[in-house]
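The numbers in my numbering rise by one with no breaks, and the one at position 192 of the sequence shown is 191. Notes follow the structure.
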Amino acid sequence: MNTTPDSRPPSPDSEAAPSTEGERIAKRLARAGIASRREAERLIMEGRVTVNGERLASPACVVTLKDLVTVDGVAVGAPEPAQLWRFHKPRGVVTSTKDEAGRPTIYDVLPPNLRRLMPVGRLDLSSEGLLLLTNDGELKRRLELPATASLRRYRVRAHGVPTERQLRPLMQGIEVEGVRYQPMIVEAERQTGANVWLNIGIREGKNREIRRALEAVGLMVNRLIRIGYGPFTLDDLPEGAVERISSGLLKKHFSIGGVPEGWARAGGGVLKPRPLPALPKPGAAPSPIHSPGAPARSAPAGALKSKPKGRTPTRRDGPPQSQPPRRPGGRA
Numbered sequence: 000m001n002t003t004p005d006s007r008p009p010s011p012d013s014e015a016a017p018s019t020e021g022e023r024i025a026k027r028l029a030r031a032g033i034a035s036r037r038e039a040e041r042l043i044m045e046g047r048v049t050v051n052g053e054r055l056a057s058p059a060c061v062v063t064l065k066d067l068v069t070v071d072g073v074a075v076g077a078p079e080p081a082q083l084w085r086f087h088k089p090r091g092v093v094t095s096t097k098d099e100a101g102r103p104t105i106y107d108v109l110p111p112n113l114r115r116l117m118p119v120g121r122l123d124l125s126s127e128g129l130l131l132l133t134n135d136g137e138l139k140r141r142l143e144l145p146a147t148a149s150l151r152r153y154r155v156r157a158h159g160v161p162t163e164r165q166l167r168p169l170m171q172g173i174e175v176e177g178v179r180y181q182p183m184i185v186e187a188e189r190q191t192g193a194n195v196w197l198n199i200g201i202r203e204g205k206n207r208e209i210r211r212a213l214e215a216v217g218l219m220v221n222r223l224i225r226i227g228y229g230p231f232t233l234d235d236l237p238e239g240a241v242e243r244i245s246s247g248l249l250k251k252h253f254s255i256g257g258v259p260e261g262w263a264r265a266g267g268g269v270l271k272p273r274p275l276p277a278l279p280k281p282g283a284a285p286s287p288i289h290s291p292g293a294p295a296r297s298a299p300a301g302a303l304k305s306k307p308k309g310r311t312p313t314r315r316d317g318p319p320q321s322q323p324p325r326r327p328g329g330r331a
């Protein structure tokens, strides 16, 4: 055991495989699936972690696989291979191990043998859809880092009849009560009576980001379904079901040095968001959003034009190509 703080930042390779030369104790606990790094540091400060029988008082400790690490008196085994699961979180459950208000949590829904998995990001009580779970705290950290966060995609139902001008601040970046939100990808799907369905993509995932941003432009969210996180999608996974992502897919999409979906290299190893789609030209004559096959409803002047379905886009350098069918992200 070495109690000298390691001032050097971990290299990407050190994130991928167990270290035989030593690693920070919080990282060891995270990779063993005990807790995230931040939670592991809290356990250490509470005096619940020992190394070779010595109770730790600081996370500034480096251990090897030869050191005996315990948490609450239970030995911590060698890290298992990183695994990732997709889970269809239902509405009405909390993304937490326990809830002070006594509300059900995702661990009340998950099978008993999977209740030590850690969620990647969060979905609030009223949200549903794709939630990634992992047994590896380092993988969780990599997936959540703002600098490498994958694009998160949602289907959102909100009360209101939006116009292009109304949604423009979301696509340019908006500040709400002192919190700055990065530009979103926003696409109108259809208008159903007093509600509109939107497809929204974000890259940060701040607390209640979509709900707060839409409320700031006059739209009240009444249903929110996450349908994608990076390359992983909800598809037809039933509500409450959980499915392990194959190690081949995990290696393919999150190999060392890979670039997450929605990002591009800017040189020097720096990642930056890819450009957002161009906005429609101002002054274009918009038409009301309405459900396909239903009579068009009247809407205020300037109502946003929905993306036509079934169009066959053309390319200058080739013949027309058919658009793949859209998969539903949840019940309409």
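Backbone N, C-alpha and C define an ideal beta-carbon position, used for all residues, glycine too.
ask   = Applying the criterion that 16 or more other CB atoms from any shown protein chain within 10 Å of the CB defines a buried residue, is residue 73 buried or exposed?
value = As a working note, residue 73 is residue 74 in the sequence shown. Counting Cβ neighbours within 10 Å, residue 73 comes out exposed, since fewer than 16 surround it.
message = When you compare the CB positions of residue 35 and residue 117, do they come within less than 8 Å of one another, or not?
response = What you label residue 35 is simply residue 36 of the sequence shown in a count that begins at 1. What you label residue 117 is simply residue 118 of the sequence shown in a count that begins at 1. Yes; because the gap between Cβ atoms is below 8 Å, this pair is in contact.
request  = Please list, in chain order, all residues of the same chain as residue 134 whose beta carbon is under 8 Å from its beta carbon, the five residues on each side excluded.
outcome  = Within the sequence shown, numbered from 1, the residue matching residue 134 stands at position 135. 32, 79, 81, 82, 115, 116, 117, listed in sequence order.
ask   = Hey, residue 169 and residue 220 are a contact pair by Cβ (cut 8 Å); roughly how many whole angstroms apart?
value = Here residue 169 is taken as the residue at index 170 of the sequence shown, counted from 1. Here residue 220 is taken as the residue at index 221 of the sequence shown, counted from 1. Not a contact, Cβ separation roughly 12 Å.
request  = Counting only the same chain and skipping the five closest in sequence on each side, list residues whose C-beta sits under 6 Å from that of residue 194.
outcome  = Indexing the sequence shown from 1 puts residue 194 at position 195. Answer for residue 194: 156, 158, listed in chain order.
task = Specify the secondary structure class of residue 185 as computed by DSSP and reduced to three states.
result = As a working mapping, residue 185 is identified with position 186 in the sequence shown. Reduced to three states, the DSSP call for residue 185 is strand.
task = Take residue 87 as the anchor and find which of 44, 42, 129, 192 has the nearest alpha-carbon.
result = Numbered from its first residue, the sequence shown carries residue 87 at position 88. Here the closest residue by C-alpha is 129.
Residue range of the unbroken beta strand (DSSP E) whose run includes residue 249 = Start at 1 with the first residue of the sequence shown, and residue 249 comes out as number 250. Unbroken run through residue 249 is the alpha helix (DSSP H), 246-252; no beta strand (DSSP E).
Beta-carbon proximity of residue 139 to residue 178, cut-off 8 Å = In the sequence shown, residue 139 corresponds to position 140, counting from 1. In the sequence shown, residue 178 corresponds to position 179, counting from 1. No, the Cβ-Cβ distance between residue 139 and residue 178 is not below 8 Å.
query = Considering residue 41, what are the terminal residues of the alpha helix (DSSP H) in which it resides?
reply = Translated into the one-based positions of the sequence shown, residue 41 becomes position 42. First-last of the alpha helix (DSSP H) with residue 41: 36-44.
message = Would you call the region 224-232 in contact with the region 177-192, where contact means no fewer than 3 C-beta pairs closer than 8 Å?
response = no
key: First and last residue of the uninterrupted beta strand (DSSP E) at residue 174   = Residue 174 sits at position 175 when you count from the first residue of the sequence shown. Residue 174 -> beta strand (DSSP E) spans 173-175.
request  = Look at the Cβ atom of residue 71, then the Cβ atom of residue 50, and state whether they are nearer than 8 Å.
outcome  = As a first step, residue 71 must be located in the sequence shown, where it is residue number 72. As a first step, residue 50 must be located in the sequence shown, where it is residue number 51. In this structure, residue 50 does not lie closer than 8 Å to residue 71 by Cβ.
ask   = Which word fits residue 57, buried or exposed, when buried means at least 16 other C-beta atoms lie within 10 angstroms of its C-beta?
value = As a position in the sequence shown, residue 57 is number 58, starting the count at 1. Its Cβ having fewer than 16 others within 10 Å, residue 57 is exposed.
task = Could you tell me how far apart the beta carbons of residue 175 and residue 211 are, in whole angstroms, since I believe they sit closer than 8 Å?
result = Along the sequence shown, read from residue 1 onward, the residue named residue 175 stands at position 176. Along the sequence shown, read from residue 1 onward, the residue named residue 211 stands at position 212. About 5 Å separates the two Cβ atoms, so the contact holds.
ask   = Does the Cβ of residue 136 have 16 or more other Cβ atoms within 10 Å, making it buried, or fewer, making it exposed?
value = Position 137 of the sequence shown holds residue 136. Flag for residue 136 reads buried.
key: Residue span of the alpha helix (DSSP H) that contains residue 214, given as start and end   = Locating residue 214 in the sequence shown gives position 215, counting from the first residue. Where residue 214 is concerned, the enclosing alpha helix (DSSP H) stretches over 208-215.
key: residue 238 (DSSP reduced to helix, strand or coil)   = Locating residue 238 in the sequence shown gives position 239, counting from the first residue. In this structure, residue 238 counts as coil in the three-state DSSP scheme.
inquiry  = Whole angstroms are fine: how far does the CA of residue 89 sit from the CA of residue 189?
reply    = Looking up residue 189 in the sequence shown gives position 190. Looking up residue 89 in the sequence shown gives position 90. Approximately 24 Å between the Cα atoms of the pair.
query = Thinking just about the alpha-carbon of each residue, which of 39, 61, 44, 103 is nearest to the one in residue 21?
reply = Walking along the sequence shown from the start, residue 21 turns up at place 22. It is 61 whose Cα lies nearest to the Cα of residue 21.
query = Which of the three DSSP states, helix, strand or coil, is assigned to residue 165?
reply = As a working note, residue 165 is residue 166 in the sequence shown. Reduced to three states, the DSSP call for residue 165 is helix.
task = Identify whether residue 79 lies in helix, strand or coil by the three-state DSSP scheme.
result = Here residue 79 refers to the residue found at position 80 when the sequence shown is read from its first residue. Residue state, collapsed to three classes: coil.
Ranges of the alpha helix (DSSP H) found wholly within the region 105-138, counting only runs of at least 4 = 105-108
Alpha-carbon spacing of residue 162 relative to residue 102, whole angstroms = The residue given as residue 162 occupies position 163 in the sequence shown. The residue given as residue 102 occupies position 103 in the sequence shown. Approximately 38 Å between the Cα atoms of the pair.
query = Between residue 95 and residue 104, what straight-line distance do the alpha-carbon atoms span, to the nearest angstrom?
reply = If you number the sequence shown from 1, residue 95 lands on position 96. If you number the sequence shown from 1, residue 104 lands on position 105. Answer to the nearest angstrom: the Cα atoms are 6 Å apart.
ask   = What is the rounded straight-line gap between the Cα of residue 93 and the Cα of residue 85?
value = Within the sequence shown, the letter at position 94 stands for residue 93. Within the sequence shown, the letter at position 86 stands for residue 85. Rounded to whole angstroms, residue 93 to residue 85 spans 16 Å at the Cα level.
task = Following the continuous beta strand (DSSP E) through residue 225, name the residue where it begins and the one where it ends.
result = For this step, residue 225 is matched to residue 226 along the sequence shown. Where residue 225 is concerned, the enclosing beta strand (DSSP E) stretches over 219-228.
query = Taking buried to mean at least 16 other C-beta atoms within 10 Å of its own C-beta, is residue 149 buried or exposed?
reply = Counting from 1 along the sequence shown, the entry for residue 149 is found at position 150. Buried.
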